[in-house]
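Q: The structure is given below, and queries will be raised subsequently.
Protein chains: 2
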Amino acid sequence: MEIINTSIKLNSRDRAVLMRTPFLSGLSGNSLGRMFGSMTILSLPARKSVFREGEDADAFYCVLSGYVRLYRLNREGREADIRICVPGDTFAECLLYGDRKYPFQAQTAEAATLARFDAQAVRELAEQESDVAKAVMISLSHHLLTAMECVANDRLHTAPQRVANYILTRCPVDGGPASIRLPFQKSLLAGMLGLAPEALSRAFSALRKTGVTVRGRVIQVGDVQALREMNVHQG
Amino acid sequence: MEIINTSIKLNSRDRAVLMRTPFLSGLSGNSLGRMFGSMTILSLPARKSVFREGEDADAFYCVLSGYVRLYRLNREGREADIRICVPGDTFAECLLYGDRKYPFQAQTAEAATLARFDAQAVRELAEQESDVAKAVMISLSHHLLTAMECVANDRLHTAPQRVANYILTRCPVDGGPASIRLPFQKSLLAGMLGLAPEALSRAFSALRKTGVTVRGRVIQVGDVQALREMNVHQG
DNA sequence: AGCGGTTTTTGACGCCGATCAAATATGCGC
DNA sequence: GCGCATATTTGATCGGCGTCAAAAACCGCT
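So the sequences go chain by chain: A and B. If you count by my numbering, then the first sequence holds residues 14 to 248, one letter each, in order. If you count by my numbering, then the second sequence holds residues 14 to 248, one letter each, in order.
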């Protein structure tokens with residue numbers, strides 16, 4: 014079911030994604046080589062578990078293609094997404110120096126290719142090579158910032174505001190009309206924003222009066238500036 | 014208004030707190046000395062800003078006594094807490110390698126003593142000394158994990174569940190009765206849990222039927238195990 | 001112990017978003 | 001292009017929590 018290749022078997026697009034990650038882009042040739050040495054590639058079909066909560070955390074990952082959901086379950090089995098990882102994202106590096114058990118579940122949201130890094134090997138490498146340590150710190154800093162923003166966002170903004178924010182982050186900065194295409198299903202976006210799919214759908218229709226129209230995965234914004242204003246005023 | 018001492022002026026309790034932080038406890042004598050060299054101590058009264066969103070992020074901090082709220086504002090000026098920092102906590106290390114602007118506000122919740130570390134100095138030190146880099150990684154990992162748990166907690170649990178969880182984290186592990194004392198105002202706890210103070214109050218009274226009684230800052234739990242069960246079943 | 005300012009609780013109310021169910025749209029495989 | 005499985009939208013309902021206002025409790029001070 015799950016296909017594991019060596020690092021040699023890596024198509025050029027995946028390799029390009031990997032090299033552009035904050036994690037690897039700053040490394041010297043030597044560190045890079047050793048990171049590659051501790052790395053394996055795996056390809057997984059959609060809706061396949063990468064790891065489960067409570068399992069031994071002996072690796073962390075980088076998404077090369079596809080999407081990975083990090084989520085938790087409550088007692089009744091309801092799921093809440095913590096983070097959606099897109100190509101170029103690393104995840105679970107937080108346990109390099111934390112618990113040795115995964116504190117959440119990871120599951121592919123569609124077919125995905127992942128680079129798997131052995132935790133122990135990278136831990137040792139980070140002790141020896143300051144550029145690796147720096148890469149880890151940069152990555153952790155960035156994820157911490159994002160997570161804190163997520164908490165603030167959840168606590169401060171309503172569903173239409175969060176959706177508008179999301180749209181605005183993917184729009185060109187100018188004030189005119191724009192059109193963007195979601196790279197994944199709406200249900201995944203709903204999870205990212207901490208919403209039920211129905212709530213996302215209603216948020217989109219609430220944004221219609223601000224000039225946002227949705228057809229399939231395509232979102233059209235009549236006036237980016239107007240959307241930004243509405244978020245300020247009517248918020 | 015704000016009193017800045019040199020690192021020499023540091024009472025023994027504050028010094029003990031500082032030495033027990035994950036940040037400094039693992040350092041060699043040499044690194045420790047250099048960290049101390051980049052450090053200043055400041056004492057602030059209650060409700061005093063430590064830094065504001067958008068300011069240049071040229072330092073990070075460790076709480077020695079008192080409490081510090083990290084929070085964001087929305088457009089109408091409503092505040093949402095992102096994290097409450099207690100003695101021993103460091104905050105804002107995430108910008109060592111991130112943006113160079115603080116992405117949130119920090120304010121003392123009561124009179125507080127803080128150690129202030131110069132960002133540039135620690136950044137350089139982390140490049141040279143692997144134990145400093147390791148301390149940064151440990152600290153960032155831990156905060157990232159906590160932040161992710163906060164997102165999951167907000168999204169999965171109701172107010173009484175969050176309050177019960179908080180109580181359980183401060184109770185001895187056994188199953189009998191327990192009594193704990195809040196180290197701060199209830200309004201601060203409300204913010205930590207992402208609740209309005211009124212909602213916290215109502216959550217406490219909802220927990221009465223599970224054997225939780227509150228008088229002032231003292232919380233009595235009739236049966237810790239029962240509280241844990243309730244959280245599982247009626248959740 | 002009494003006082004006064006602050007914190008917390010309680011009540012009333014409304015809105016937001018979760019849930020369930022049913023209708024509709026989308027997109028993929030043939 | 002058709003049909004089917006899946007994703008999304010829409011409607012109805014409901015519970016949770018924020019907000020405002022007023023009452024009560026708490027805390028530090030003298």
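Glycine is no exception: its CB is placed at the ideal position from the N, C-alpha and C atoms.
Check distances from the C-beta atoms of the segment 88-108 of chain B to those of chain A and list, in chain order, the residues that come in under 8 Å.
A: R88, E89, R91, A93, D94, I95, R96, E106, C107 and L108
Q: Near V234/A, which residues of its chain fall below 8 Å by C-beta distance, leaving aside the five closest residues on each side in sequence?
A: I180, C184, P190, A191, S192, I193, G224, V225 and L240
Q: Who are the neighbours of E140/B on chain A, taking C-beta pairs under 8 Å?
A: Result: S143 and K147.
Q: Where does the unbroken beta strand (DSSP E) through T53/A begin, and where does it stop?
A: M52 to L57
Q: Less than 8 Å between the beta carbons of R168/A and L206/A, yes or no?
A: With respect to the 8 Å criterion, R168/A and L206/A are not classified as neighbours on the basis of their beta carbons.
Q: Could you work out which residues of chain B lie near I151/A, taking near to mean beta carbons separated by less than 7 Å?
A: Y110, listed in chain order.
Q: Is the CB of R113/A under 8 Å away from at least one CB in chain B?
A: No, its Cβ sits nowhere closer than 8 Å to a Cβ of chain B.
Q: Between F117/A and chain B, is there a C-beta pair that is closer than 8 Å?
A: yes
Q: Helix, strand or coil: which one does DSSP assign to F11/A?
A: One cannot answer for residue 11/A here, as it falls past the ends of chain A, which runs 14 to 248.
Q: I need the straight-line Cα distance from E242/A to R221/A, nearest angstrom please.
A: Rounded to the nearest angstrom, the two C-alpha atoms are 15 Å apart.
Q: Applying the 10 Å Cβ sphere with the 16-neighbour rule, what's the burial state of M161/B?
A: buried
Q: Can you tell me which of the three DSSP states L83/A falls into?
A: strand
Q: Should the segment 70-78 of chain B be regarded as contacting the segment 97-104 of chain B, the criterion being three or more beta carbon pairs within less than 8 Å?
A: Counting C-beta pairs closer than 8 Å gives three or more between the segment 70-78 of chain B and the segment 97-104 of chain B, which meets the contact rule.
Q: Compare the C-beta of R261/A against all C-beta atoms of chain B and say whether one is closer than 8 Å.
A: Residue 261/A lies beyond the stretch modelled for chain A, which goes from 14 to 248, so this question has no answer here.
Q: Quick one, are the C-beta atoms of E5/B and V149/B less than 8 Å apart?
A: In this structure chain B extends from 14 to 248, so residue 5/B is not present and cannot be described.
Q: From R65/B to A122/B, what distance separates their C-alpha atoms?
A: 15 Å
Q: So which residues on chain B does V161/A lean against when the C-beta distance must stay under 8 Å?
A: In the sequence as displayed, the identity of residue 161/A is Met instead of Val. Under the 8 Å cutoff, chain B gives L83, I95, R96, C107, P116, F117 and A160.
Q: Is the distance from the Cβ of D71/B to the Cβ of Q141/B below 8 Å?
A: no
Q: Determine the DSSP secondary structure at T226/A, reduced to helix, strand or coil.
A: T226/A falls in the strand class under three-state DSSP.
Q: Less than 8 Å between CB atoms is the rule here; does A165/A satisfy it with respect to chain B?
A: yes
Q: Does the beta-carbon of A5/B have 16 or more other beta-carbons within 10 angstroms, so that it is buried, or is it exposed?
A: Outside the shown range of chain B, which is 14 to 248, sits residue 5/B, and nothing can be said about it.
Q: Of the residues that make up the segment 166-179 of chain B, which ones have a beta carbon closer than 9 Å to any beta carbon in chain A?
A: Here the close residues are N166, D167, R168, L169, H170 and Q174.
Q: How should D27/A be labelled, buried or exposed, when 16 other C-beta atoms within 10 angstroms of its C-beta is the threshold for buried?
A: Only buried fits D27/A, as 16 or more other CB atoms lie within 10 angstroms of its CB.
Q: For V145/A, list the residues DSSP reports as bridge partners.
A: Residue pairing for V145/A: DSSP places it in no beta bridge.
Q: Please state whether DSSP places D27/A in a helix, a strand or coil.
A: It is helical.
Q: Could you work out which residues of chain A lie near L157/B, taking near to mean beta carbons separated by less than 7 Å?
A: The contacting residues are C107, L153, H156, L157 and A160.
Q: Where N178/A and N244/A are concerned, what is the direct C-alpha to C-alpha distance, given to the nearest angstrom?
A: 8 Å
Q: Is it the case that the segment 54-61 of chain B contacts the segment 36-43 of chain B, given that we only count it when at least three CB pairs across the two stretches are under 8 Å?
A: no
Q: Which value, in whole angstroms, describes the spacing of the CA atoms of T34/A and V227/B?
A: 50 Å
Q: On the DSSP bridge list, what partners appear for Y74/B?
A: Residue pairing of Y74/B in beta bridges, as defined by DSSP: F104/B and R129/B.
Q: For a cutoff of 8 Å on Cβ pairs, would you count G10/B as touching chain A?
A: Residue 10/B cannot be examined here, being either before or after the span of chain B that is shown, 14 to 248.
Q: Could you work out which residues of chain A lie near G207/B, taking near to mean beta carbons separated by less than 9 Å?
A: The contacting residues are V164, D167 and R168.
Q: Could you tell me the distance, in whole angstroms, from the CA atom of D69/A to the CA atom of K147/B?
A: 21 Å
Q: By the DSSP assignment, the alpha helix (DSSP H) with T182/A in it spans what residues?
A: For T182/A, the enclosing alpha helix (DSSP H) has its first and last residue at A172 to T182.
Q: Name the two residues that bound the continuous beta strand (DSSP E) containing A93/B.
A: Run containing A93/B: E92 to C98, per the beta strand (DSSP E) assignment.
Q: Going by Cα to Cα distance, which pick from G50/B, L37/B, L23/B and I97/B is closest to K199/B?
A: I97/B
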